[in-house]
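Heads up, this note's numbering is the position in the sequence shown plus 187, with the first residue counted as 1. Here's the structure, in C-alpha cells; my notes come after.
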Amino acid sequence: MAVDILLGLQWGDEGKGKIVDVIAPKYDVVARFQGGPNAGHTLEFNGNKHVLHQIPSGIFHSSIKNVIGNGVVLDPIIFRKEIDALQKYNINFSQNLFISKKAQLIIPSHRMLDLASEKNKGEGKIGSTLKGISPTYQDKVARQGLRVGDILDKNFKTYYKTLFEIHKSKLDFFKFDIKKDLTGIVDFKKYDYDFIKLEAVFFEAIEFLKTFNLVDSEYLINEELSNGKSVLAEGAQGSLLDIDFGSYPFVTSSNTTAAGVCSGLGVAPSKVKEVFGIFKAYCTRVGSGPFPTELNDTTGDKIREIGREFGSTTGRPRRCGWLDLPTLKYSSMLNGVTHLLMMKADILNDFEEIKVCIGYKLLDGTLSDKLPYDMVKETVEPIYKAFKGWNCDLEPFKTFDVLPKEMKDYLAFIEAEMKIPVSVVSIGPDRTQTISKL
Ligand code: GDP
Ligand code: IMO
Ligand code: MG
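This is the structure:
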C-alpha cells in the first residue's frame with residue numbers, strides 16, 4: 188500500500204501530534220522522517236495530556252509500528268526521559284517502537300555547539316531550541332557523525348571521543364567567557380569537567396537505547412508496504428522552516444517538506460499518496476525570522492492568551508498573527524497537499540472580525556501573492572480581507588454541514604483560494620474535538 192504524509196504548512200506547532208493520534212488507527216506504521224527533540228507534539232485523550240519529542244505520535248495505539256527514521260537526529264538522553272514518561276501507559280515498546288540504525292546521534296557537545304553558535308550570532312540568532320539539531324546535521328553532512336547503529340560497535344567510545352575532540356576544538360573557536368556570558372548553562376573554561384558528568388549520563392542512555400529495536404528501517408517500511416500495509420509519515424516543524432524553502436537562515440536544518448519523506452525514510456516518491464497539510468486558523472512562529480502577518484498588538488496578545496501559544500519544547504511565547512494565504516499556497520505547492528486540515532478554529536470563537544492575508548504589497552509598491560526571495564531584507568506589507576467572526580462556541584458542532592454560516596464562508600474562501608478541500612476542522616486539543624470528512 189501507500190505512504191501518506193502529514194506535515195505542517197506554517198512555522199511548526201500546527202497541531203500535528205493531535206491529528207496523527209486521531210488518524211493513526213487507519214495506519215499500520217507511523218514514522219518520523221526528520222527533525223529530533225526540537226519537536227514538541229502534544230496529544231490529549233481520555234484526560235491525559237502528553238508531549239512527544241522524538242517518538243512518533245502513533246505510540247498510544249498498540250497495533251501500530253512506530254518508526255524513528257534515518258532522517259531523524261536522536262538524543263539518547265531525551266529518548267530515555269521520553270520512555271520514562273510513557274511508563275504509565277503500559278506500552279509494549281518491543282512490539283511497537285523501531286529505531287533506524289541510520290538515524291544520527293546527538294551527543295552532549297552538539298547541544299553546547301548549538302548554544303555557542305547562537306551566542307556568537309548575537310542579535311542575528313536563529314532562536315534555536317538549543318537541542319543540538321544544527322550541529323548534528325552539520326556532522327551528518329560532513330560525514331563524521333555518529334549513527335544509532337554505531338552504538339553496537341565495540342569501538343563506539345573511540346568514535347565518540349574522536350567526534351568530541353572535533354567539537355572541543357570548535358568550541359575553543361568561540362572563546363566566550365561562558366561563565367559570564369552563558370551563566371547557569373556551563374562553565375566553558377571547565378567544559379572538560381562538565382562533559383565528564385554529561386558523558387556519564389549519555390553513556391547510560393546509550394546502554395538503555397541498546398535495549399530497543401534498532402533496525403534497518405528502510406527495509407522494515409518497504410516490507411510493510413509490500414505486504415499491503417499503510418504508512419503515515421509524521422512531519423516535524425513546518426514547511427516554512429524547511430532548510431531549502433523556509434525563511435533562510437531562520438529555519439531548521441532538515442527538509443521538513445514532503446521531499447524529506449523519501450530521503451528520511453527510504454521510500455520512493457511513487458509510493459506517496461495523500462499529503463495532509465495542517466495549518467492553524469491563524470499563524471504562530473517561535474524563534475526569530477520574518478512573519479508578515481505578525482500582530483504586535485492586543486489582538487496578537489489575545490490570540491496568544493486564548494490559544495495558549497507557548498512552546499511545547501521550550502515554553503517560549505509564540506509570536507501570533509493572522510492567517511497568511513501566500514505562505515499557505517507556497518507550502519501547499521511544495522508539498523503537493525491533497526487535503527487541508529484547519530486547527531485551533533475554537534481560538535477564534537470570540538473574535539468579531541477575522542482577517543486573512545490575501546497578498547503582499549512589496550517595497551516598490553507592486554502587489555504579489557508570491558513570497559519574495561528574502562523576506563528578511565524585502566519586508567512585505569500584508570493585504571487583508573476581513574471576515575465576520577462566528578462568535579459562538581464550536582463545541583456542539585460535530586459535522587461540517589451544521590457549522591455556523593460565518594465559518595462556512597471562511598472555509599469556502601480558503602478552499603476556493605487554495606483549490607484544495609479542507610477535510611478536517613479541529614475545535615479543541617482533545618482527540619474527540621475533531622470535525623472530519625477523512
Ligand atoms: P505540533 O508540534 O504541530 O504537534 O503542535 P504542538 O503540540 O506544539 O502545539 C499545538 C498546541 O495546540 C498543543 O497544545 C495542542 O494540544 C493544541 N491543540 C491542537 N489542536 C487544537 C485545537 O483545535 N484547539 C485548541 N484549543 N488547541 C489545540
Ligand atoms: P514542532 O515539530 C516550532 C524553530 C525554532 C527556531 C528554528 C530553528 O513541534 O512543530 P532548531 O532547534 O531546529 O535549530 O531551531 O526552528 N523550531 C520550531 N518551531 N515548532 C517546532 O517543532 C520547531 N522546531 C524548531 O524555534 O526558530
Ligand atoms: Mg510543537
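Ideal placement from N, C-alpha and C gives every residue a C-beta, glycine not left out. Remember, it's a predicted structure, so these values are computed and weren't measured experimentally.
Please classify residue i: is it buried, with 16 or more other beta-carbons within 10 angstroms of its beta-carbon, or exposed?
{"i": "Gln331", "result": "exposed"}
{"i": "Gly371", "result": "With a pLDDT of 47 at Gly371, under the threshold of 50, the predicted position of this residue should be treated as unreliable, though the coordinate-derived value follows. That one is exposed."}
{"i": "Glu201", "result": "buried"}
{"i": "Met520", "result": "exposed"}
{"i": "Ser404", "result": "buried"}
{"i": "Asp326", "result": "buried"}
{"i": "Val589", "result": "exposed"}
{"i": "Gly453", "result": "buried"}
{"i": "Phe183", "result": "Outside the modelled stretch of the chain, which goes from 188 to 625, sits residue 183, for which no answer is possible."}
{"i": "Asp359", "result": "exposed"}
{"i": "Val328", "result": "exposed"}
{"i": "Phe375", "result": "Here Phe375 scores only 46 on pLDDT, less than 50, and its place in the model should not be relied on; the value that follows carries that caveat. By the 10 Å Cβ count, Phe375 comes out buried."}
For residue i, which beta-bridge partners are listed by DSSP?
{"i": "Gly508", "result": "Cys470 and Glu481"}
{"i": "Pro569", "result": "Tyr547"}
Do residue j and residue i have their beta-carbon atoms positioned less than 8 Å apart in this structure?
{"i": "Gln221", "j": "Ser499", "result": "no"}
{"i": "Gly464", "j": "Leu528", "result": "yes"}
{"i": "Lys460", "j": "Leu412", "result": "no"}
{"i": "Lys312", "j": "Ser475", "result": "yes"}
{"i": "Ile320", "j": "Leu396", "result": "no"}
{"i": "Thr514", "j": "Leu427", "result": "yes"}
{"i": "Ala218", "j": "Glu421", "result": "yes"}
{"i": "Tyr517", "j": "Leu558", "result": "yes"}
Measuring only from the beta carbon, is residue i closer than 7 Å to any heavy atom that is part of the ligand IMO?
{"i": "His297", "result": "no"}
{"i": "Asn442", "result": "no"}
{"i": "Asn225", "result": "yes"}
{"i": "Gly222", "result": "yes"}
{"i": "Val207", "result": "no"}
{"i": "Gln331", "result": "no"}
{"i": "Ala290", "result": "no"}
{"i": "Gln241", "result": "no"}
By Cβ distance below 6 Å, which residues in the same chain neighbour residue i in space, the five residues on each side in sequence not counted?
{"i": "Val462", "result": "Ile192, Ala445, Asn522, Gly523, Val524 and Thr525"}
{"i": "Lys377", "result": "Confidence at Lys377 is low in this model, with a pLDDT of 47, below 50, so its placement is unreliable and no value can be given for it."}
{"i": "Val238", "result": "Gly227, Thr229 and Ser499"}
{"i": "Glu305", "result": "Lys312 and Ser315"}
{"i": "Ile614", "result": "Ala532, Asp533, Leu581 and Gln620"}
Spatial neighbours of residue i within its chain, please: CB distance less than 8 Å, with the 5 preceding and 5 following residues excluded, ordered by chain position.
{"i": "Phe478", "result": "Trp198, Cys470, Arg472, Arg506 and Gly508"}
{"i": "Thr485", "result": "none"}
{"i": "Glu540", "result": "Ala573, Phe574, Lys575 and Gly576"}
Please find out if some non-hydrogen atom of the ligand MG comes closer than 7 Å to the beta-carbon of residue i.
{"i": "His228", "result": "yes"}
{"i": "Gly576", "result": "no"}
{"i": "Gly199", "result": "yes"}
Just to confirm, does residue i get its C-beta within under 7 Å of one of the non-hydrogen atoms of the ligand GDP?
{"i": "Ser499", "result": "yes"}
{"i": "Glu231", "result": "yes"}
{"i": "Ile614", "result": "yes"}
{"i": "Ile430", "result": "no"}
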